[in-house]
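Working notes, beginning with the structure itself.
There are 2 protein chains.
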Amino acid sequence: MRRVKLDRIDRRILRDLQDNGRMTNVELANRAGISAPPCLRRVRALEEAGFIRGYHAEVAPEHLGFTVTIYAHVGLTSQAEADLARFEQMVGQWPEVRECHMLMGEADFLLKIVAKDWDAFQRFLTSKLTPAPLVSNVKTALVIRTRKRLPGVPIDEAPEDDDEDEVEEG
Amino acid sequence: MRRVKLDRIDRRILRDLQDNGRMTNVELANRAGISAPPCLRRVRALEEAGFIRGYHAEVAPEHLGFTVTIYAHVGLTSQAEADLARFEQMVGQWPEVRECHMLMGEADFLLKIVAKDWDAFQRFLTSKLTPAPLVSNVKTALVIRTRKRLPGVPIDEAPEDDDEDEVEEG
DNA sequence: ATAGGGCAAGCAAGATCATTGCGTAAATCT
DNA sequence: AGATTTACGCAATGATCTTGCTTGCCCTAT
């Protein structure tokens, strides 16, 4: 069980990579105030330790024909863990569903769904989601516009307390 | 007004970069079946045309101490466009709010909020969001777990109809 | 048909970047 | 204090990025 601590340099690296995932290692190093080799070693260590789950291009949905984004609240008929997992496994196979969050309270989920147009979403809703087993009720909310869309979390230069963040690695 | 069309190669590039934003251009080119130079030119063109909004490292919130994720439905007292914009401008300045989606129907928003712990979220809620001007009512939903978190949109090898996607660029 | 223009691909070369090995300094532990 | 660990920086190698140039293809207008 190795411990990984984050100092100011690590946080700066994470912040910069969260903001620009294709930043070159040399620029990353310059911003962090160290030379390239240790900077790359830190990045690799952060990846290994699970601080960085991956890198993704942020594509414009409307440019690819996806004009409809919906958030759907889904209530289930059962809240047994096996049923919750079965539902998650099912939505995991639907490409229209991009995110699946289990919410506090009764057995319900919040799904983020994208579709090319309203008709395609209706087809998904009526032929896939609503008739699915375990699904009790579905409430959908169409997204009109999105004015803020920041990735991940806010990463300050320094943590609020004096200690450094640390995390256990399996 | 330049037109940009997407062929199978462009879609493959977008799909691969959405999946791995740090894929090298040579591997991207190999997967797409073309050589590196035209592949890089396509990537640049896709960026210029707005198909790619940016690149981001996906960081693990809990590793950085953010153990709480909340979705909040916020209803406003006014749905005049100026007030909606004012609300969006306000949440834009709150680092805890990562996403702000305006929903269909009455003037309400869906916010994605992250916080280091439940207490920090309570402070945000009671000292920032709830007392803010225009805010009528707030309903929060704590995220227990997230089992699906895919970026962007599903990108197939070929579009459903025979035509190629095209988009206007300003 | 055939010549000309417009794309887009591939090759090649130079510049930049990533990556490794090695030596050294600072911090930690005994 | 001495030993150990850790992480930095330098230097060198290999890979990648990037640009200019040339070639081939398709479309269009003679």
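Respectively, the protein sequence lines represent chains A and B.
Numbering of the first sequence is given in UniProt numbering, commencing with residue 1 and proceeding in unit increments.
Numbering of the second sequence is given in UniProt numbering, commencing with residue 1 and proceeding in unit increments.
Backbone N, C-alpha and C fix where the C-beta goes; we use that ideal spot for every residue, glycine too.
Note that the structure is predicted; figures quoted are calculated from it, not measured.
Closest Cα partner of residue i within the set the options
i                      : options                          : result
A:T67                  : A:L40, A:N20, A:A49 and A:F121   : A:F121
A:A36                  : A:G54, A:I13 and A:E48           : A:I13
A:R8                   : A:N20, A:Q18, A:E48 and A:G33    : A:G33
B:K50                  : A:R44, A:Y55 and A:P61           : In the sequence as presented, Lys is not what sits at residue 50 of chain B; that position holds Gly. That would be A:P61, whose Cα lies nearest to the Cα of B:G50.
B:V104                 : B:H73, B:P133 and B:A115         : For the sequence presented, residue 104 of chain B should be read as Met rather than Val. Nearest of B:H73, B:P133 and B:A115 to B:M104, Cα basis: B:H73.
B:D83                  : B:R11, B:L134 and B:K148         : B:L134
residue 171 of chain A : A:K5, A:P38 and A:G54            : A query on residue 171 of chain A cannot be resolved here, the shown segment of chain A reaching from 1 to 170 and no further.
B:H56                  : B:T146, B:L125, B:D19 and B:R147 : B:D19
A:L46                  : B:R44, B:L64, B:R31 and B:R41    : B:L64
A:L110                 : B:T130, B:L142, B:A132 and B:N30 : B:L142
A:S78                  : A:E48, A:P154, A:E106 and A:A115 : A:E106
A:T24                  : A:A132, A:C39 and A:D10          : A:C39
A:G75                  : A:D10, A:L150 and A:A132         : A:A132
A:D10                  : A:R42, A:N30 and A:R22           : A:R42
Cross-chain neighbours of residue i in chain A, by beta carbon under 7 Å
i                      : result
residue 193 of chain B : Absent from the structure is residue 193 of chain B, since the part of chain B shown begins at 1 and ends at 170.
Cβ neighbour criterion (16 or more within 10 Å) applied to residue i
i                      : result
B:V91                  : buried
B:D156                 : exposed
A:R98                  : buried
A:D108                 : buried
A:G170                 : Its pLDDT being 35, under 50, A:G170 is placed unreliably in this model, and the coordinates cannot settle the point.
residue 236 of chain A : Here chain A has residues from 1 to 170 only, and residue 236 of chain A is not among them.
A:I144                 : exposed
A:K139                 : exposed
B:E96                  : buried
A:A158                 : exposed
A:A85                  : exposed
B:V26                  : exposed
A:L28                  : buried
B:R123                 : exposed
B:Q93                  : exposed
A:T69                  : buried
A:D117                 : exposed
A:K5                   : exposed
Residue i Cβ short of 7 Å to the ligand MN heavy atom set
i     : result
B:G21 : The ligand content of the structure shown is nil, which means the ligand MN is not present either.
Cross-chain neighbours of residue i in chain B, by beta carbon under 8 Å
i     : result
A:E88 : R147 and K148
Chain-ordered neighbours of residue i on chain B, where CB pairs are closer than 7 Å
i     : result
A:L60 : The sequence shown places Ala at residue 60 of chain A, rather than the Leu named in the question. Simply G50, F51 and R53.
Per-residue contacts from residue i into chain A (C-beta, under 9 Å)
i     : result
B:R98 : K148, R149, L150, P151, G152, V153 and P154
B:V26 : Ordered by position in chain A, no residue passes the 9 Å Cβ test against B:V26, which lies about 15 Å from the chain.
Cross-chain neighbours of residue i in chain A, by beta carbon under 8 Å
i     : result
B:A80 : Those within 8 Å of B:A80 in chain A number zero; the least Cβ separation is about 15 Å.
>> Runs of 4 residues minimum, wholly inside the UniProt domain "HTH asnC-type" (6-67) of chain A: which ones carry the alpha helix (DSSP H) assignment?
In response: 8-19, 25-32 and 36-48
>> If we require 3 or more residues per run, which beta strand (DSSP E) segments fall completely within the region 100-167 of chain A?
In response: 108-115 and 135-149
> At which residue ranges does the region 68-93 of chain A contain complete beta strand (DSSP E) runs of 3 or more residues, listed in the order of the chain?
Replying inline: 68-76
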